[in-house]
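Residue numbers (my numbering): 592 to 730. All C-beta atoms, glycine included, are put in the ideal place defined by N, C-alpha and C. The next block holds one structure in the form of structure tokens; read it before the comments.
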Amino acid sequence: VDFVRWLVNSLQQGRQVRIVADQYGNPTYVRDFVRNLYRLIDQNLTGLFHVAGNEWVSRYEFSMQIAANWNLDKNLIQQVSTQDLAQKAPRPLKGGFVNLQLHSAIQCGFLPLALALAEVRSEFDNEQKNNGLENGSES
């Protein structure tokens, strides 16, 4: 399960979650990733290209944006440090990618994080609606 789906499900169930505030990365909307990948393929470009969202945020900031987009209780999100979380595998504090080569090779595009999350929510809503119809309910 991806992070967004895990967080939304947890908050919808009223569960408190502990989210690190000192780990940073650049969340990437999969549709943006695919669009940019197709552009690279269409132009027959080769090499090493990082394809990742343009915005660099902490996991905590990202979680707060997700909760806001889904109108979920932000008070269920507890801010912790990486040290406090004691994850089994070590995590970098400053993760993510720099897209300089991608930007210089193609006219790439990434939705702002808030718009990407709105699209993801719409996709989740449609998925739930379709699952309800498949299961015989019409809500």
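Could you give the first and the last residue of the continuous alpha helix (DSSP H) run that contains Val599?
Unbroken alpha helix (DSSP H) run through Val599: 594 to 603.
9 Å Cβ cutoff met for Phe624 and Gln692
No Cβ-Cβ contact shorter than 9 Å links Phe624 with Gln692.
At which residue ranges does the region 662 to 703 contain complete alpha helix (DSSP H) runs of 4 or more residues, listed in the order of the chain?
Annotation: the region 662 to 703 contains the following complete segments of the alpha helix (DSSP H) (minimum length 4 residues), in chain order: 673 to 676, 691 to 696.
Helix, strand or coil at Ser730 [DSSP, three-state]
Only weak support is given to the placement of Ser730: the predicted model assigns it a pLDDT of 45, under 50, and the question is left unresolved by the model.
Is the beta carbon of Val608 sitting closer than 9 Å to the one on Gln669?
yes
Using the Cα positions of Trp597 and Val711, report the straight-line distance between them to the nearest angstrom.
13 Å
Within the continuous alpha helix (DSSP H) that includes Val621, where are the two ends?
621 to 633
Between Tyr620 and Ser649, which are expected to be in contact by the criterion C-beta below 8 Å, what is the C-beta distance as a whole number of angstroms?
Actually they do not touch by this definition, with Cβ atoms about 18 Å apart.
What's the C-alpha gap between Arg606 and Cys699?
38 Å
With 16 other CB atoms within 10 Å as the buried threshold, where does Glu646 fall?
buried
Collapsed DSSP secondary structure at Arg650 in the structure displayed:
If DSSP states are grouped into helix, strand and coil, Arg650 belongs with the helices.
Other residues of its chain near Ser713: CB distance less than 7 Å, five sequence neighbours each side excluded:
none
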